[in-house]
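Below is one structure, written out as structure tokens, with a few remarks after it.
Numbering (my numbering), first residue to last: 4 to 237.
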């Protein structure tokens with residue numbers, strides 16, 4: 004897997020009557036390779052989530068292109084690419100219907116993509132993220148923040164993606180849950196060679212997880228740093 008974002012820009016209208024444009028991202032170029040964790044570091048409002056949403060295919064770019072294995076990607080994403088790129092958000096409760104059970108929420112991607120599912124798949128998914136079979140019947144509104152984020156990871160992993168976009172996945176969690184989620188991600192990546200794009204404003208998380216990191220400020224990439232010299236925890 005190889006993803007290249009080339010000069011991506013995103014502009015929004017600031018108001019219907021004013022006609023003014025606001026630039027959220029300007030000429031951002033990044034690469035992500037198979038099995039690699041790439042970080043996007045910056046303050047709130049720097050354009051991190053906009054960049055992730057563009058790569059996820061959630062919104063169209065105003066200009067620039069995205070390439071997947073050297074082939075240009077067309078918005079909206081279709082077919083296998085929709086499964087190959089998954090996203091986990093900072094607020095997992097916003098990604099789920101709170102009235103649904105965990106089982107129904109995990110089944111939904113299989114229904115959308117018309118894929119076979121089984122109890123064995125659910126059991127394996129739950130084991131990967133540290134949840135249990137008894138969680139399947141529970142409403143999502145009854146889960147803790149850490150359990151919800153595990154559920155969000157399980158749903159993303161259910162599609163066997165090549166790339167998972169992680170938008171501040173631990174920022175709303177306590178230190179124990181944060182460490183557990185990061186370890187789940189490391190273990191899964193080691194087993195499946197999945198690439199991660201990790202959005203964060205936490206330098207400690209970035210240096211612990213990332214092979215490389217891009218620094219965003221005011222919608223522009225200001226630099227890139229490698230962390231191959233840093234000994235990461237197993």
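From the three backbone atoms N, C-alpha and C, an ideal C-beta is built for every residue, glycine too.
Just so you know, these numbers come straight off a predicted model, no measurement behind them.
Going by DSSP, residue 113 is part of the alpha helix (DSSP H) stretching over 105-116. Beta-bridge analysis with DSSP links residue 218 to 44 and 226. Distances from the alpha-carbon of residue 100 to those of 108, 175 and 152 put 108 closest. Within the segment 156-192, the complete beta strand (DSSP E) runs of at least 3 residues fall at 166-170. Below 8 angstroms, too few C-beta pairs join the segment 59-71 and the segment 209-221 to call them touching: fewer than three.
The Cβ-Cβ distance between residue 201 and residue 52 does not fall below 8 angstroms. Judged by DSSP secondary structure, residue 29 falls within the beta strand (DSSP E) whose first and last residues are 24-36. Under the three-state reduction of DSSP output, residue 141 falls in the coil class, being neither helix nor strand.
With respect to the 8 angstroms criterion, residue 176 and residue 152 are classified as neighbours on the basis of their beta carbons.
Here residue 209 carries a helix assignment [DSSP, helix/strand/coil]. Annotated three-state conformation of residue 197 is coil, per DSSP. Shown here, residue 62 sits in coil according to DSSP, grouped into three states, outside any helix or strand.
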